[in-house]
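As you go down the protein sequences, you meet chains F and R in turn. Per the working numbering, the very first residue in the first sequence carries number 12; after that it's consecutive. Per the working numbering, the very first residue in the second sequence carries number 12; after that it's consecutive. Ideal Cβ placement from N, Cα and C applies to all residues, glycine included. Accompanying notes for the structure given below.
Protein chains: 2
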Amino acid sequence: MLEPLGDPLAKLVFELSKLPGIGEKTAGRLAYHILRQDRAYAASLADALLRAKDTLKLCSSCFSFTDQELCSICRSPQRDAGLICVVERPSDVRAVEAAGAFRGAYHVLHGVLSPMDGVGPEELKLRELVARMSSGSAPVREVILAMNPSVDGDVTSLYVSRLLKPLGVKVSRLALGLPVGGALEYTDRQTLGKALENRVELQAT
Amino acid sequence: MLEPLGDPLAKLVFELSKLPGIGEKTAGRLAYHILRQDRAYAASLADALLRAKDTLKLCSSCFSFTDQELCSICRSPQRDAGLICVVERPSDVRAVEAAGAFRGAYHVLHGVLSPMDGVGPEELKLRELVARMSSGSAPVREVILAMNPSVDGDVTSLYVSRLLKPLGVKVSRLALGLPVGGALEYTDRQTLGKALENRVELQAT
Chain F
12 MLEPLGDPLA
22 KLVFELSKLP
32 GIGEKTAGRL
42 AYHILRQDRA
52 YAASLADALL
62 RAKDTLKLCS
72 SCFSFTDQEL
82 CSICRSPQRD
92 AGLICVVERP
102 SDVRAVEAAG
112 AFRGAYHVLH
122 GVLSPMDGVG
132 PEELKLRELV
142 ARMSSGSAPV
152 REVILAMNPS
162 VDGDVTSLYV
172 SRLLKPLGVK
182 VSRLALGLPV
192 GGALEYTDRQ
202 TLGKALENRV
212 ELQAT
Chain R
12 MLEPLGDPLA
22 KLVFELSKLP
32 GIGEKTAGRL
42 AYHILRQDRA
52 YAASLADALL
62 RAKDTLKLCS
72 SCFSFTDQEL
82 CSICRSPQRD
92 AGLICVVERP
102 SDVRAVEAAG
112 AFRGAYHVLH
122 GVLSPMDGVG
132 PEELKLRELV
142 ARMSSGSAPV
152 REVILAMNPS
162 VDGDVTSLYV
172 SRLLKPLGVK
182 VSRLALGLPV
192 GGALEYTDRQ
202 TLGKALENRV
212 ELQAT
């Protein structure tokens, strides 16, 4: 799709279609929706875009997005700074927070090791993760690896665990198994294999 | 979802999630994507939003969006003004144009008749359609109804055809039948019924 010159509608569709997962058809639908709304909506979306881009930077401790030096999680005295959940991307912090089951801190790697794409350890926030093990007010008791269950995620998990183990910190990773609400019948072989392998013994009560 | 107060990231996600078909998860994904790009992208999207909203209005002849008095299709001497394709929404103009098979003009009704939702003939650009039959430089030879094949679309088609017939203009509607590339096996009963009903005789060659 070429950059449109004069037409403001084509230009809006063009800009929207650069978003991930938004093709030209969806971009057209979004553009027409925006045109049907009050001007206030376009204005507040435009403002939110620029304000987010201008004020957000990476937290100096965990490297998720924040508009301050430290993000709200790293600043919070309610969170357990001795427990660090390592994730690939800032959006993964959002996902884990939404589960509501984690009260520790995070560390965002900003990617996974991927020799094919030229991403080595230097491209990730790994040195900063190691530095957090020794510095910081509270000693780190456990690091939970929460990389995606993909080949690159698994390789990265292995790399990070080998990096941290010599420092005497406990390293764990998220359980693999059946998704809640899923059905055995529709579960892929590998997931079912992991669910069997990681089976949990039930205690007699 | 409540309006977020301080956090620029939450605010951007909130504004994006107002778009149709964009839930909170997708909005989060889009927001993180935007934050990973150069500031120039956020700026050009914000600019496109405001410029589209500020400059686009309805074409005074066909009522699709344009930044001038008449849209580029109504202005074009290449287009056949004697052939008018009537559609529900401005986005339908885009869809028909993309097919590349129509060289006439358009008329956007801005909705369909829907007594349940309180949309009567007065809410649509029907009087303006009737006015185009008599005024205009070229006489209108044919009106092609291209409303969606839904109950409301069918009712509106019938209404418009009864409105135009007394004026002596030919009124047609888009063919219903099998979608190209579709399979008989997966075609719903009604579509298959229409495909049978509207079958086209093959000429011996």
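Sequence-distant residues of its chain with Cβ nearer than 8 Å to residue 33(F) (five each side left out):
The beta carbon of residue 33(F) sits closer than 8 Å to the beta carbons of 27, 41 from its chain, once the five residues preceding and following it are set aside; these are given in chain order.
Give the straight-line distance between the Cα atoms of residue 209(F) and residue 192(F), rounded to the nearest whole angstrom.
Whole-angstrom Cα-Cα distance: 18 Å.
Roughly how many angstroms lie between the CA atoms of residue 162(F) and residue 29(F), to the nearest whole one?
28 Å
Check this for me: beta carbons of residue 205(R) and residue 179(R), under 9 Å apart or not?
no
Whole angstroms are fine: how far does the CA of residue 211(F) sit from the CA of residue 170(F)?
27 Å
Min CB distance residue 145(R) to chain F below 9 Å:
no
State the Cα-Cα distance for the pair residue 93(R) and residue 50(F), rounded to the nearest angstrom.
35 Å
Straight-line Cα distance separating residue 57(R) from residue 64(R)
11 Å
Assigned secondary structure, residue 194(F) (DSSP; H/G/I helix, E/B strand, else coil):
coil
Interface residues of chain R facing residue 45(F) [CB-CB closer than 9 Å]
30, 60, 63, 64
Roughly how many whole angstroms lie between the Cα atoms of residue 96(F) and residue 203(F)?
25 Å
From the DSSP output, read off the bridge partner residues of residue 52(F).
DSSP, once it has assigned bridges, lists no residue as partnering residue 52(F).
Below-9 Å beta-carbon distance, residue 39(R) vs any chain F residue:
yes
How about residue 120(R) and residue 76(R): do their beta carbons lie closer than 9 Å?
The beta carbons of residue 120(R) and residue 76(R) sit no closer together than 9 Å.
9 Å Cβ cutoff, residue 87(F) in contact with chain R
Look at residue 87(F): its C-beta is not under 9 Å from any C-beta on chain R.
Taking 9 Å as the threshold (beta carbon to beta carbon), is residue 33(R) in contact with chain F?
yes
Distance between residue 106(F) and residue 168(F) (C-alpha atoms, nearest Å)
Cα-Cα distance, rounded: 18 Å.
Identify every residue that forms a DSSP beta bridge with residue 156(F).
97(F), 184(F)
Among 131(R), 23(R), 36(R), which has the Cα closest to the Cα of residue 109(F)?
36(R)
Given a limit of 8 Å on CB to CB distance, which residues of the region 97-126 of chain R reach chain F?
100, 101, 102, 105
In terms of residues, what are the limits of the beta strand (DSSP E) holding residue 142(R)?
Per DSSP, residue 142(R) is not a residue of any beta strand (DSSP E); the alpha helix (DSSP H) it occupies stretches across 137-145.
Indicate whether at least one CB of chain F lies closer than 9 Å to the CB of residue 197(R).
no
Just list the residues that DSSP pairs residue 115(F) with in beta bridges.
Answer is 91(F).
Look at the Cβ atom of residue 84(F), then the Cβ atom of residue 117(F), and state whether they are nearer than 9 Å.
Yes, Cβ-Cβ distance for residue 84(F) and residue 117(F) is below 9 Å.
Apart from the five residues on each side of it in sequence, which residues of its chain come closer than 6 Å, Cβ to Cβ, to residue 89(F)?
none
Between residue 8(F) and chain R, is there a C-beta pair that is closer than 9 Å?
Any answer about residue 8(F) is impossible in this case: the structure gives chain F only from 12 up to 216.
Among 103(F), 112(F), 79(F), 47(F), which has the Cα closest to the Cα of residue 159(F)?
103(F)
By alpha-carbon positions, which one of 200(F), 174(F), 157(F) ends up nearest to residue 186(F)?
157(F)
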